[in-house]
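Our numbering puts the first residue of the sequence shown at 446, with every later residue one more than the last.
Think of the CB as a built atom: it goes at the ideal place given N, C-alpha and C, for glycine as much as any other residue.
Keep in mind the model is a prediction, meaning the values are calculated, not measured.
Report on the structure given below.
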Amino acid sequence: MRKKILLPFFSVLVSFAFTSADVSSEFSSEIVSNSTVISSKTAIPEIGLEERIENLYNDFTLTNTNMPSLIAFQNAMIGYYKLSESQKIENNILTIVDFSLPSSQKRMWILDMEKNIVLFHTLVAHGRNTGLNEARNFSNVNGSHKSSLGFYLTAETYFGKHGLSLRLDGMEKGINDQARSRAIVVHGADYATPAFVNRVGRLGRSYGCPAVPTKLSKEIIQTIKNKSCFFIYFPSEKYVKNSQLI
Numbered sequence: 446m447r448k449k450i451l452l453p454f455f456s457v458l459v460s461f462a463f464t465s466a467d468v469s470s471e472f473s474s475e476i477v478s479n480s481t482v483i484s485s486k487t488a489i490p491e492i493g494l495e496e497r498i499e500n501l502y503n504d505f506t507l508t509n510t511n512m513p514s515l516i517a518f519q520n521a522m523i524g525y526y527k528l529s530e531s532q533k534i535e536n537n538i539l540t541i542v543d544f545s546l547p548s549s550q551k552r553m554w555i556l557d558m559e560k561n562i563v564l565f566h567t568l569v570a571h572g573r574n575t576g577l578n579e580a581r582n583f584s585n586v587n588g589s590h591k592s593s594l595g596f597y598l599t600a601e602t603y604f605g606k607h608g609l610s611l612r613l614d615g616m617e618k619g620i621n622d623q624a625r626s627r628a629i630v631v632h633g634a635d636y637a638t639p640a641f642v643n644r645v646g647r648l649g650r651s652y653g654c655p656a657v658p659t660k661l662s663k664e665i666i667q668t669i670k671n672k673s674c675f676f677i678y679f680p681s682e683k684y685v686k687n688s689q690l691i
């Protein structure tokens with residue numbers, strides 16, 4: 446397990462509560478501008494957080510040619526800092542899944558936040574009812590077979606029908622907090638491979654799980670297990686409005 450390190454500027458962040466008003470279980474595909482996603486609920490200019498995050502992003506890009514978009518990274522870092530400040534993160538790994546990209550593209554990044562390096566950049570599947578090649582619809586409802594947005598903490602591993610798998614605990618009430626009861630987990634899948642994309646033109650789809658290539662699944666799971674931060678991004682106006690972590 447990685448030792449938890451709090452960044453020095455955490456002291457400027459206020460205390461954050463993790464309770465929220467009732468939130469609709471369905472999240473539609475409303476697209477919002479990059480500036481809205483960042484500025485609608487976070488007083489970045491007041492505390493200088495935007496500049497700090499951009500500097501960190503630039504540090505990453507010095508040694509990593511493949512990075513998520515700046516907007517996805519900014520949103521991920523805001524929630525990462527809040528979860529870290531509240532002592533929830535124990536493994537300083539940040540996973541970013543960008544569902545604004547099609548499934549045929551590599552849209553999962555796993556970042557080492559101590560060394561500022563990308564450990565994995567790979568394919569990841571979305572839920573069957575979230576869309577075909579492009580993710581558009583999201584849900585927190587059991588049986589929806591849709592992906593859920595937002596922040597998770599990785600939990601324990603187990604062996605299931607997909608082999609070694611990793612449980613996820615959703616950190617956002619009404620948005621993804623049913624992940625464990627829905628059995629939303631990280632697992633390997635033959636339909637989440639480059640060969641499948643070459644054959645079909647897109648990845649296959651899960652019941653809502655972020656499924657990864659079987660060849661990489663064990664290494665990925667061993668790297669991110671035990672309370673690392675896992676963030677699924679999509680520019681949804683409804684998510685931004687109701688999230689307590691961005």
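Nonlocal neighbours in the same chain, by C-beta distance under 8 Å from residue i, ignoring five residues either side
| i | result |
| --- | --- |
| E601 | L611, R612, K670 and N671 |
| N615 | In the sequence as displayed, the identity of residue 615 is Gly instead of Asn. Answer for G615: N585, S593, G595, F596, Y597, N621, D622, Q623, A624, R625 and I629, listed in chain order. |
For residue j and residue i, the rounded distance between their alpha carbons
| i | j | result |
| --- | --- | --- |
| T565 | K686 | The amino acid occupying residue 565 in the given sequence is Phe; Thr does not appear at that position. Rounded to the nearest angstrom, the two C-alpha atoms are 30 Å apart. |
| N578 | G595 | 20 Å |
| N500 | V563 | 16 Å |
| C674 | T599 | 7 Å |
| A634 | K533 | 29 Å |
| S545 | A570 | 12 Å |
| M522 | N621 | 18 Å |
| Q623 | I629 | 8 Å |
| K618 | S688 | 8 Å |
| K660 | Q667 | 13 Å |
| E535 | S529 | 8 Å |
For residue i: DSSP bridge partner residues
| i | result |
| --- | --- |
| S651 | G572 |
| F675 | T540 and Y597 |
| S610 | Y603 and H632 |
| F565 | I555 |
| G619 | Beta-bridge pairing links G619 to no other residue. |
| P657 | It should be pointed out that residue 657 corresponds to Val in this sequence rather than to Pro. G633, per the DSSP bridge assignment. |
8 Å contact criterion, which residue i and residue j should meet: CB distance rounded
| i | j | result |
| --- | --- | --- |
| N582 | N574 | 7 Å |
| M558 | N537 | 5 Å |
| L568 | A640 | So it is not a contact: roughly 11 Å between Cβ atoms. |
| L539 | L515 | Contact doesn't hold; Cβ gap of about 15 Å is too wide. |
Nonlocal neighbours in the same chain, by C-beta distance under 6 Å from residue i, ignoring five residues either side
| i | result |
| --- | --- |
| L690 | G524, K527 and F596 |
| L494 | none |
Cβ shell of residue i (< 7 Å), same chain only, five flanking positions each side left out
| i | result |
| --- | --- |
| P513 | I541, D543 and W554 |
- Is the stretch 578-594 in contact with the stretch 603-611, if contact means three or more CB pairs nearer than 8 Å? no
- Query: Are there three or more Cβ pairs, one per stretch, closer than 8 Å when the stretch 637-653 is compared with the stretch 548-555?
  - Reply: yes
- Mind the definition here: the stretch 676-684 touches the stretch 656-665 only if three or more C-beta pairs lie below 8 Å; say whether that holds. no
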